[in-house]
Amino acid sequence: QFQKALDESIQSLNSDYEAKRYKNMALLLPTIHIVPEGTFYKWLKLKGKLGGQHKVPRLSNNREYLTEILEHCL
Numbered sequence: 044q045f046q047k048a049l050d051e052s053i054q055s056l057n058s059d060y061e062a063k064r065y066k067n068m069a070l071l072l073p074t075i076h077i078v079p080e081g082t083f084y085k086w087l088k089l090k091g092k093l094g095g096q097h098k099v100p101r102l103s104n105n106r107e108y109l110t111e112i113l114e115h116c117l
């Protein structure tokens, strides 16, 4: 199952994540949203972040990016 494989991979790369996942104490298994092809590109365009020196967000401590993508791009 992809969800479990992703979780194990993240744990092997990030000890903080691994500690928070221990017995589901702070974090549950990640939720995976399947979106249509081009959704991320559409979101970057909406944010005015295509081309140039724009940095692509990698991590977030809140659901802001996810909420924007789900509300405006699907």
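Residues in the sequence shown are numbered consecutively from 44, following this note's numbering.
All residues carry an ideal CB built from backbone N, CA and C; glycine is no exception.
Here residue 92 carries a coil assignment [DSSP, helix/strand/coil]. Counting C-beta pairs closer than 8 Å gives fewer than three between the stretch 78–85 and the stretch 45–63, which falls short of the contact rule. Less than 8 Å separates the beta-carbon of residue 86 from that of residue 111. The C-beta separation of residue 93 from residue 116 comes to about 14 Å, leaving the pair out of contact by the 8 Å criterion. DSSP places residue 54 in the helix class (H, G or I) of the three-state scheme. DSSP places residue 108 inside the alpha helix (DSSP H), whose first and last residues are 107–115.
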